[in-house]
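Student: In our numbering, the protein residues as written are 943 to 1066.
Note that CB positions come from ideal geometry on N, CA and C, so glycine has one too.
Since we're looking at a predicted model, the values are computed, not measured.
This is the structure, below, for whatever I ask next.
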């Protein structure tokens, strides 16, 4: 069986069928397209887990890098801003870069206030 190929801008295969998908968190074939999913947005997929025991009810799958224009998207730029350290370690400071990579998850999980200014321009 040949593997399917996807090119940037094409609809994700998950939108092509009606069967339940694998939930990334509970592992069951219980994920379906969320009511918030936008069929016109090929770089972002919104899923809903139908498993009553799964706490990850709404999930977003976001293409961070696709070889086309994902880096121009406002949602991808916002995620990069969250991941970016307040003070960027120098290229020579290997240990500081290592420690910062460990802190990315902590920054994503943080519940402290966050102010991001990410502008999206129509017609790009």
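Can you tell me where the alpha helix (DSSP H) holding residue 1051 begins and where it ends?
Tutor: 1036-1051
Student: Which same chain residues end up closer than 8 Å to residue 996 when comparing Cβ atoms and leaving out the 5 residues on each side of it in sequence?
Tutor: Excluding the 5 residues flanking it on each side, residue 996 has same chain C-beta neighbours closer than 8 Å at 965, 967, 968, 970 and 972, in chain order.
Student: Taking residue 989 as the reference, give the member of 981, 1002, 1009 and 1011 with the closest Cα.
Tutor: 1002
Student: Would you tell me roughly how many angstroms separate the C-alpha atoms of residue 982 and residue 958, rounded to the nearest one?
Tutor: 13 Å
Student: From the DSSP output, in three-state form, read off residue 1023 for me.
Tutor: helix
Student: Just how far apart, CA to CA, sit residue 1012 and residue 994?
Tutor: 33 Å
Student: Can you give the beta carbon distance from residue 986 to residue 1017, rounded, assuming they're within the 8 Å contact cut?
Tutor: 7 Å
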